[in-house]
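Worksheet: the structure to be examined is printed underneath.
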Amino acid sequence: MDILKSPDALSLCGNIKHFVISSEREVYFALKDMSTGGTIVEHTYTPSNIGRIEVDVRDIILPLLSFDLRNVLEPYRQPDIVRTFEVVIQAAGLSAPQEQPYRKEFTVIRSGVDELAETADSFLKQNFLTWQPNVKAVTYYTPEYLTYYAIAAVTVKCKAHLDTEDKEIVLAQFGGGECWTIPVQYAVISGKVGALPQYYDIWVENAAGERLTYIQRYYASDMRSEAEAWILFENSLGGIDTFRAYGESENTAEHTHNVAEIEEVAEEYRVDTTRKFKKNTGFLDKKERIWLLDFFPSLAKYIYTASHLRRIVVTESDVDYQALELPTNYNFTYKYADAKPYLNIPRIDKPLEALSIKVPDVGSFTVAPRLAEFPALPLSEGALFPVQDPYSEAWNTTTAGALASFIVKIIASAYKGGGAIGHTHPNMSVLDALSFMGDYLLKNAKKISAGFADTAGTADTLAALSDDWKKILRKDIPDAALKLITFLEGVGFGDNGRYSIDGQGIADLAGAVVSDFLKSSNYNASAQKGFGFDADGRGGYRLSLKDLLVWGKATFHNLELRTMSYVAGNYRISGAGSKIAYVRWMDKNGKTTQDVSQTVAFRCYILADDGTMATRNFWEVDDQAKAEEFNIEPGVYQDVANRQYWRKVIAVSADNAAIMSDEGADLFPGKKFAWIDLSKGDCTDMVRKADDPVRDDYPKAGDSIVQSGNRTKPSRQGFIDINSTGEHGAGIVIYKDVNSYTLDGKIVGDMSKDGFLFESRFFRLITSGGTVPLPVDLGEWYRGMKCEYYNRVSHLGSLWLCIAPEGVVVTEEPKDGSAVWQKQVSRGEKGDKGDAAIELHLDIVRGDMFYREGQGFVAELKATVIQGGKDLTPTLHASQMVWTRESEDAAGDEEWNARHRGIGDSVTITTDDLTEVTAVVLTLYNKDGTLSASEAVTF
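If you read the sequence shown in the working numbering, its first letter stands for residue 4, the second for the next number, and so on.
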């Protein structure tokens, strides 16, 4: 039995993964509720004909999750919107061998997202449970709520923007794994800040003060119409949303008269009454019309009427709109969920008059100073009490009887059985409001004010070897600090601080003794930056700095002067190369000409004998001679520019000779020259487009030419370039088969800062014992494939090495008994099934890999270790997951690695952690210290 797929540790109910099980026999499946310990469902499943079982638990779990809407002003916890479950899966049947059952715990929240492209953790961390627009208009009394599920401990903050200042307050604090609803009605925020804000923003921060969510903004506005109604509904993310329907209202009462006729006398024995209310949303913008699509499928809808919330059901709806037409409006018809055919019209005994209360011996007051001075009223069910809804400014009345009925109803609904109704908690509301975040006790998601400080009294119980004792630094005896101490203003030494190091790090000392090194903060010996004074490894010391200025006498026992030389430009190593001393234009008859139209070749003379030494002419016919300059700054001097040409050699001199003028004079007395003829027409211009402005230059004296390929001779078609400039900077490039005026596809070796590339038929290691050839792996063999000596291929599950003599091309299929193929590895047989492979996933759960300087937060990386479909991450020790950084700053990498040792399965990356291109690497080790896996993310 194998578990191929299962829900994530935290899942949205609407997106929860199915259980997919591979088994050859029946499987026992049980789902349990971890909060109660009870079993929700137990089944035995029979696999399909391909050995698969798929179990969808979404419809089982969804009814167990619910949203709690309370008409309160303080944050409150949602106890049932999220639950943790455990699944137990085991092979069924008496004949099945005994094996440990598969168990997995997972948490599910009543929420769902269409085409969710990220993990539930990432989505919930960044979002409130609402799809409402980020900017929303509200009235003073509009009921507004925000619901948030915390992955870890968080703080919900609000910034109210007033006329003269901004005021920031904390709305709630709660721990990880909890879901809370925060009332954010304008009246609530106004009361907390003590002013009327123009608008206010709400967001969620983690314990480090980093904002996790987007900013939800509310701004004050007037009622949009006299018919405005406030509609609340549970959205598809599990939260509660409010929209203001200000369009037309239409009320309809339908009556069905049921009449019975007895002895010719008709009588209405029942009248069925249905009161329906048709409402128009009013005009909606593009965001609002998409958001309100969430209203109609909702199963929990409310309307704020008569100063309280009342549940409704929608019986009809018209939700059509044209995509390109704005604004849009929807129509819907609803009725009260608990509708009855009765009326409730408030009455008063007589028209209201100005209230004037007579108090004995005291005058007339609109409000009596003490209740004791009013006459007592015998308490009865009809006695009136004034009440007010938190979302309305109107006062209403209720009776003692109604209060008693309400209290009895609450007690009855909370009764769990077992006869415990007689046990009461007078402070139950306080107990319900309490929660924990870390070591802090919270009431309504806020820290409780403590009369005793967190660390007060510690000194009374200190022991000499206790952890608290180690936190104290003594100033009356010698002592040692275990961690770094920062002095913001500096530190003084000696009497009255005669010597010191100030807050800027500037030292005023009587002397300094250095045992190992003294260097500047930017010291880098390789880059010759800063200064350093350190040991030289031979018992002495050396001083490294850029300039040394001596005002007096300098005495050296031994002075070594060094200078750095350089070779600039690009060098080509090939069969021939020369510097042109003199050029003549030659016509088709081999005569000198000044007419370019008659010229067919350029005779280039090369110094071969200066009277002291003679050199050989290495040029051959069909060579390609190339000249190129690239170091002249264009546009600085007239008629001076970089030159280039690539031409075919069509003739080569056999003997060296002097260059004679037309009058017979020796132009270069005492020197002899070889020559080569470069074609005028056979050049790079042959492969250029007609409209290309770049053309080949004509050769002239002073040009350096180098042999760059040959038309007919393969041994002269290869060369090596050593470059100091170019696309990839300094490097070495090897070419072959250059028989035309292009280098495309001719590179067989490339060594540069970007990497190494080699193309070769074979590799050999030369040792003292002779040549050691290396196989060249060519992958899977196919019919028609051409192989040569020491090429290796895979075929029919085996590895075959070509052992044909060098230069012989083999197309024969590899097989046993072949004279040109040697089997190195035979196909193995199927072995026993081993343990599932360990998979290491390194994901960016927040942010991305691109950043800019000064950005601050960049990304959060999260590691997940999976084996056989099971998440092993929670079982790993922090020491098994090692985070390292790889960048150009090696010293900084070591310091970063030390700071991030033992941090666990996640790391937060800021711009302070990055240096240009930086890789963050996670290495996973087994418990025995051996390497298991490694993954990296590059920023």
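The beta-carbon is built from N, C-alpha and C at its ideal position, and this holds for glycine as well. What you are looking at is a predicted structure, and each value in this text was computed from that prediction instead of being measured.
Taking only the alpha-carbon atoms, compute the straight-line gap between Asp753 and Leu681 and give it to the nearest angstrom. 30 Å
Does the beta-carbon distance from Ile185 to Ala198 come in below 8 Å? no
DSSP state of Val362, grouped into three classes? In this predicted model, Val362 has a pLDDT of only 47, less than 50, meaning its place in the structure is not dependable enough to derive any value.
For Met440, the nearest candidate out of Gly179, Arg501, His798 (CA to CA): Gly179
Taking Glu328 as the reference, which of Leu287, Val823, Glu257 has the closest Cα? Leu287
Inter-residue Cα distance where the pair is Thr400 and Asn334: 34 Å
Here's the rule I'm using: 16 or more other beta-carbon atoms within 10 Å means buried, otherwise exposed. How should Ala930 be labelled? Looking at the sequence provided, one finds Lys at residue 930 rather than Ala. By the neighbour-count rule (16 or more Cβ atoms within 10 Å), Lys930 is not buried but exposed.
Taking the beta carbon of Thr39 as the centre, do at least 16 other beta carbons fall within 10 Å, making it buried, or is it exposed? exposed
DSSP puts Trp294 in a beta bridge; with which residues? DSSP lists no partner for Trp294.
Assign Ser9 to one of three DSSP states: helix, strand, or coil. coil
Whole-Å CB distance - Val812 paired with Glu791, under 8 Å assumed: 6 Å
Among Lys195, Asp124, Val111, Gln201, the one whose alpha carbon lies nearest that of Val141: Gln201
Using the three-state DSSP reduction, which class does Lys739 fall into: helix, strand or coil? coil
Where does Glu251 sit, in a helix, a strand or coil, going by DSSP? coil
Check Gln827 in the structure and name its three-state DSSP category. strand
Considering only residues of the same chain and omitting the five flanking positions on each side of Ala528, which have a CB-CB separation below 8 Å? Gly535, Ser547
So, using beta-carbon positions, are Gly495 and Ser503 closer together than 8 Å? yes
When the Cα atoms are used, what is the spatial distance from Lys675 to Asp612? 5 Å
Looking at C-alpha atoms only, which residue of Arg113, Leu444, Glu108, Ile869 is the closest neighbour of Gln81? Arg113
DSSP state of Gly705, grouped into three classes? coil
Compare the C-alpha of Ile6 against each of Ala12, Phe22, Leu15 and name the closest. Phe22
Shortest alpha-carbon distance to Arg606 belongs to which of Ile653, Gly907, Ala936? Ile653
Could you name the residues that DSSP lists as bridge partners for Gly535? Lys522, Ser547
Ile205 to Ala407, Cα distance in whole Å? 39 Å
Which partner residues does Glu271 have in the DSSP bridge list? Val262
Would you check if the distance between the CB atom of Phe298 and the CB atom of Phe236 is smaller than 8 Å? yes
Out of Asn794, Arg904, Leu917, which has the shortest C-alpha to C-alpha gap to Thr926? Arg904
Please look up how many angstroms separate the CB atoms of Lys865 and Asp846, rounded, as I've assumed it's under 8 Å. 5 Å
If you scan the segment 28-116 from start to end, which runs of the alpha helix (DSSP H) of 4 or more residues do you find wholly inside it? 61-64
Environment of Arg477 [buried if 16+ CB atoms lie within 10 Å]: exposed
Give me the Cα-Cα distance between Gly115 and Ile84, rounded to the nearest whole angstrom. 12 Å
Given Asn794, which residues of its chain have a CB within under 6 Å of its CB, disregarding the five upstream and five downstream residues? Val779, Leu781, Cys805
Exposed or buried, which one is Tyr345 when buried takes at least 16 other CB atoms within 10 Å? exposed
Quick one: measure Cβ to Cβ for Tyr337 and Thr318, integer angstroms, because I've assumed they're closer than 8 Å. 7 Å
Between Ala579 and Gln710, which are expected to be in contact by the criterion C-beta below 8 Å, what is the C-beta distance as a whole number of angstroms? 4 Å
Provide the residue span of the alpha helix (DSSP H) that contains Tyr189, from first to last. 189-196
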